[in-house]
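Asks: In this note's numbering, the protein residues as written are 550 to 715.
Positions of the beta carbon are idealized from the N, C-alpha and C atoms, including for glycine.
All values derive from a computational prediction rather than experimental measurement.
Mind having a look at this structure? Questions to follow.
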């Protein structure tokens with residue numbers, strides 16, 4: 550059976566729920582050095598030369614405002630055991646950084662979630678483009694940190710999952 554319908558907000562959400570993706574927490578610092586962050590599954594590689602990725606962030610997001618002021622951000626790609634962290638950073642809890650371990654290495658666009666990320670990309674904003682309700686932020690990757698052996702956390706069909714280990 551095939552279902553066909555006009556594109557609506559609900560229908561589009563249903564379409565994208567069928568496209569599993571990795572889960573990231575985007576982090577940066579505000580003007581007073583306070584950490585900001587949010588869960589984001591809209592992360593995509595753009596180019597290898599120079600290494601560039603993009604993140605899509607809701608236009609009114611305080612994390613976006615801090616990213617744009619600072620000109621830098623960090624993409625923390627969460628590992629399979631970090632579902633509680635994904636949920637925490639999706640909640641907007643003001644104390645979220647008090648509830649996770651994080652560090653600021655010498656080369657950093659934002660806090661690194663040291664126990665929860667299997668890979669981290671520190672980025673310098675190279676451009677941005679508002680598209681409807683979101684801003685597409687392009688970041689040139691200036692530093693990468695990886696933890697081999699960890700498997701990524703996935704999100705699709707409105708649920709979290711782990712990459713199957715063979």
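1) For residue 656, collect the residues of the same chain with a Cβ closer than 8 Å to its Cβ; drop the 5 residues on either side in sequence, then sort them by chain order.
2) Which ranges would you report for the beta strand (DSSP E) in the segment 627-697 if only whole runs of at least 3 residues count?
3) For residue 619, which option in 551, 578, 677, 571 has the closest C-alpha, if you only look at C-alpha atoms?
4) Just to confirm, is the Cβ distance from residue 702 to residue 632 under 8 Å?
5) Using 8 Å as the cut-off, can you tell me whether the segment 592-606 makes contact with the segment 569-576, which would need three or more C-beta pairs spanning the two stretches below that distance?
6) DSSP on residue 582, reduced to helix/strand/coil?
7) Based on Cα-Cα distance, which residue from 709, 668, 555, 612 lies nearest to residue 686?
8) Quick check: what's the CA-CA separation for residue 562 versus residue 569?
9) Measuring straight from C-alpha to C-alpha, what distance separates residue 591 and residue 624?
10) Skipping 5 residues on each side, what residues in its chain have a beta carbon closer than 8 Å to that of residue 635?
11) What's the gap between the Cα of residue 614 and the Cα of residue 661?
12) So the alpha helix (DSSP H) residue 618 belongs to, where does it begin and stop?
13) Where residue 694 and residue 668 are concerned, what is the direct C-alpha to C-alpha distance, given to the nearest angstrom?
14) Which residues bound the beta strand (DSSP E) around residue 705?
15) Put residue 571 into one of helix, strand or coil per three-state DSSP.
16) What residues are listed by DSSP as bridge partners for residue 622?
Replies: Quick look at the numbers:
1) On the chain shown, position 107 is the one that residue 656 refers to. In the same chain as residue 656, and ignoring 5 residues on each side of it, the C-beta atoms closer than 8 Å to its own belong to 671, 691, 692, in chain order.
2) DSSP runs (the beta strand (DSSP E)) wholly in the segment 627-697: 666-680, 683-695.
3) The sequence position of residue 619 within the chain shown is 70, counting from 1. For residue 619, the nearest C-alpha among the options comes from 578.
4) Against the chain shown, residue 702 aligns to sequence position 153. Against the chain shown, residue 632 aligns to sequence position 83. The answer is yes: Cβ separation under 8 Å.
5) Yes, the segment 592-606 is in contact with the segment 569-576.
6) Counting from 1 along the chain shown, the entry for residue 582 is found at position 33. Residue 582: coil per DSSP, three-state reduction.
7) Within the chain shown, residue 686 is the residue found at index 137, counting from 1. Among 709, 668, 555, 612, the Cα nearest to that of residue 686 is on 612.
8) Taking the chain shown and counting its residues from 1, one reaches residue 562 at position 13. Taking the chain shown and counting its residues from 1, one reaches residue 569 at position 20. Taking the straight line joining both Cα atoms gives about 12 Å.
9) In the chain shown, residue 591 corresponds to position 42, counting from 1. In the chain shown, residue 624 corresponds to position 75, counting from 1. Between the alpha carbons of residue 591 and residue 624 lies a gap of roughly 11 Å.
10) Locating residue 635 in the chain shown gives position 86, where the first residue counts as 1. Within the same chain, and ignoring the five residues on either side of residue 635 in sequence, the residues whose Cβ sits closer than 8 Å to its Cβ are 572, 574, 588, 627, 702, 704, 709.
11) Start at 1 with the first residue of the chain shown, and residue 614 comes out as number 65. Start at 1 with the first residue of the chain shown, and residue 661 comes out as number 112. Roughly 19 Å separates the two Cα atoms.
12) For the purposes of this step, residue 618 is taken as residue 69 along the chain shown, with counting starting at 1. Note, residue 618: alpha helix (DSSP H), 611-619.
13) Within the chain shown, the letter at position 145 stands for residue 694. Within the chain shown, the letter at position 119 stands for residue 668. In this model, residue 694 and residue 668 are separated by some 6 Å (Cα to Cα).
14) Within the chain shown, residue 705 is the residue found at index 156, counting from 1. Per DSSP, the continuous beta strand (DSSP E) segment holding residue 705 begins and ends at 702-705.
15) The residue labelled residue 571 in the question sits at position 22 within the chain shown. Residue 571 falls in the strand class under three-state DSSP.
16) On the chain shown, residue 622 is found 73 positions in, with the first residue counted as 1. Answer is 672.
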